[in-house]
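J.: Below: one structure in structure tokens.
Next comes the structure, spelled out in structure tokens:
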């Protein structure tokens, strides 16, 4: 089913817009429980242009994928390309929302410039971050439910490094006053991030992609990023 907006008017006037529910993780400043992050604003506007209302619900990374694939929710936000291979009921929106840089964070100097440099280390990951799960080969891998638990592993010296997104990690370190924690250059990977929709919303995917392209063309996408980053 698609979404009805002003263009969906019929007898009795415009029909109310359909609400699409996406799972996201609590990852400030990009997306937050209060739904006031950069991604929240970008997707709210993109869905409006596509003729829908958007509701974001916070869920752990892996649970969000499972729920979207089963149809319990309508989709997931901000995931890497290729997940449709493991979740066959998901359709990727072709136009990305933004890009993520996946980094190693540590409390001491370490030479981590690529995936192979992780092999002798103890590494912390968040369950459901597929690019990190699939590429990490290490002496020990410890899984965390979210960023708070992830960085607690590092502060307790249970791991040598934790893997997370650059902006999200730097924000978490600053907000929680984690002394001595820093990102190790350079990024392990940089990837475009996409919305995935349950297959029942297949016809919405190209409209949402067009809306995102339009926002980039008219400058509104860049304006949201700049406003939310304080630039």
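Numbering (our numbering), first residue to last: 1193 to 1423.
Ideal Cβ positions, reconstructed from N, Cα and C, are used throughout, including at glycine.
As the structure is a computational prediction, the values presented were derived from the model and not from experiment.
Measure from the alpha carbon of residue 1373 to the alpha carbon of each residue in 1385, 1410, 1296, then state which is nearest.
T.: Among 1385, 1410, 1296, the Cα nearest to that of residue 1373 belongs to 1296.
J.: Would you call the stretch 1336-1348 in contact with the stretch 1261-1274, where contact means no fewer than 3 C-beta pairs closer than 8 Å?
T.: Counting Cβ pairs under 8 Å, fewer than three are found: no touch.
J.: Please tell me whether residue 1291 and residue 1350 are closer than 8 Å, where the distance is taken between their beta carbons.
T.: Their beta carbons are not under 8 Å apart, which means residue 1291 does not touch residue 1350 by this criterion.
J.: I need the DSSP call for residue 1245, collapsed to helix, strand or coil.
T.: Residue state, collapsed to three classes: strand.
J.: Throw me the rounded Cβ distance for the residue 1313 and residue 1354 pair, which I believe falls under 8 Å.
T.: That belief does not hold up - the Cβ atoms of residue 1313 and residue 1354 are roughly 10 Å apart, past 8 Å.
J.: Give me the DSSP bridge partner(s) of residue 1374.
T.: 1298, per the DSSP bridge assignment.
J.: Examine the Cβ distances between the stretch 1409-1421 and the stretch 1228-1238 and report whether three or more of them are shorter than 8 Å.
T.: Yes, they touch.
J.: Which of helix, strand or coil does DSSP assign to residue 1280?
T.: Residue 1280: coil per DSSP, three-state reduction.
J.: Rounded to the nearest angstrom, what separates residue 1304 and residue 1327 at their Cα positions?
T.: Going from the Cα of residue 1304 to the Cα of residue 1327 covers about 14 Å.
J.: In the DSSP assignment, find the beta strand (DSSP E) that holds residue 1311 and state where it starts and stops.
T.: It is not in any beta strand (DSSP E) - residue 1311 carries neither H nor E in the DSSP assignment.
J.: To the nearest angstrom, how far is it from the Cα of residue 1360 to the Cα of residue 1334?
T.: Taking the straight line joining both Cα atoms gives about 19 Å.
J.: Taking the alpha-carbon positions, what's the residue 1214 to residue 1388 distance?
T.: Each residue's Cα considered, the two are about 9 Å apart.
J.: Could you pull out every residue in the same chain whose Cβ sits closer than 8 Å to the Cβ of residue 1286, ignoring the five residues on either side in sequence?
T.: Taken in chain order, the residues that qualify are 1386, 1397, 1398, 1401.
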